[in-house]
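Notes for the one structure printed next.
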Amino acid sequence: MALEDYVPVIISLISFYWITQVARFFAKNTENLAKLALVVIASAGLLKATEKLIWAVTSEEVLWMRSSLFILNSVGFTFMAWIVWYAQKNSQSENGGIWRVPIALVASILALVSYAAFMLPGRTWFFIALAAASIANITMIFFLVKQSIKLKVPISVGLYVLYFVVILSMVFLSKSPSATTHFEWIKQAANTLAAIIFAVASWNLLLRAKSNRAAPH
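Under the UniProt record's numbering, the sequence shown has 196 at position 196, and the numbering climbs by one with no breaks.
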């Protein structure tokens, strides 16, 4: 089961790469920010999967690896949401124009999480990071749906909406007190299913973006 956790990580990373390629068709200056976003998101997923593997082998939790998931995802998803939105503007301004806002947003998130971690009791910092990652993810999905509508890719619209529904169901599953192996496999299957849905939606969006670019104007 621990090794299978790498599967949705790899699928999701490929999907995000496809999304960055879509963005480059409309705004080439998204490339460097996209590379940074991919590194951050890949780090989040690999750390989580590796921590789960370590726990399965040694029964020892590596808390910093587990805790880094939502912190890194809040950063990576913020970058991705901004990239998709920026590309929809079809902007070709100087690189500084694409960096200022996402860097300011990420700095604010990290500052707030750091303050909560050192100054506030309990796991307040965790819930702030979770909220930031969730908001950024929802925002990214919204802009992807909008882009799919703009490019007239109904299958991607439907699949991105379905992806959002599956993600919501996973939130409810994560709150269940059950910790049986069977239930863990259900959660893992849902996670993999969500990654596949997201990948198919992103691939179809990329195909349409490519065909539109190749079409004579």
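Virtual Cβ for every residue (Gly too), placed ideally from N, Cα, C.
In the three-state reduction of the DSSP assignment, G97 falls in the helix class, which pools H, G and I.
In terms of Cβ geometry, A37 and F79 form a close pair [threshold 8 Å]. In the three-state DSSP reduction, V62 falls in the coil class, being neither helix nor strand. Here Q88 really is in contact with K146; their C-beta atoms are around 7 Å apart, less than 8 Å. Per DSSP, V153 is not a residue of any alpha helix (DSSP H), being assigned neither H nor E. Across the structure, V106 and V75 are spaced so that their CA atoms are roughly 6 Å apart.
Under the DSSP assignment, L13 falls in the alpha helix (DSSP H) whose first and last residues are Y6 to F26. Ranked by how close their Cα comes to the Cα of I41, the residues A195, I138 and N73 have N73 in first place. Of the residues S169, E4 and L33, the one whose Cα lies closest to the Cα of F16 is L33.
Per DSSP, reduced to three states, the secondary structure at K89 is coil, with no helix or strand assignment. With contacts defined as CB atoms closer than 8 Å, I155 and N204 qualify as a contacting pair. Residue environment: R213 is assigned as exposed (fewer than 16 neighbouring CB atoms within 10 Å of its CB, all protein chains considered). Look at P121 here: in three-state DSSP terms it is coil, with no helix or strand label. Ranked by Cα distance from L159, the options D5, R24 and S202 are led by S202. Counting every other CB atom within 10 Å of its CB across the protein chains shown gives L47 a total of 16 or more, marking it as buried. A residue is called buried when at least 16 other Cβ atoms come within 10 angstroms of its Cβ; G45 meets this threshold and is buried. By the beta-carbon neighbour count (other beta carbons within 10 angstroms, threshold 16), A129 is buried.
A Cβ-Cβ distance of about 10 Å is found for the pair V171 and A190, leaving them out of contact under the 8 Å criterion.
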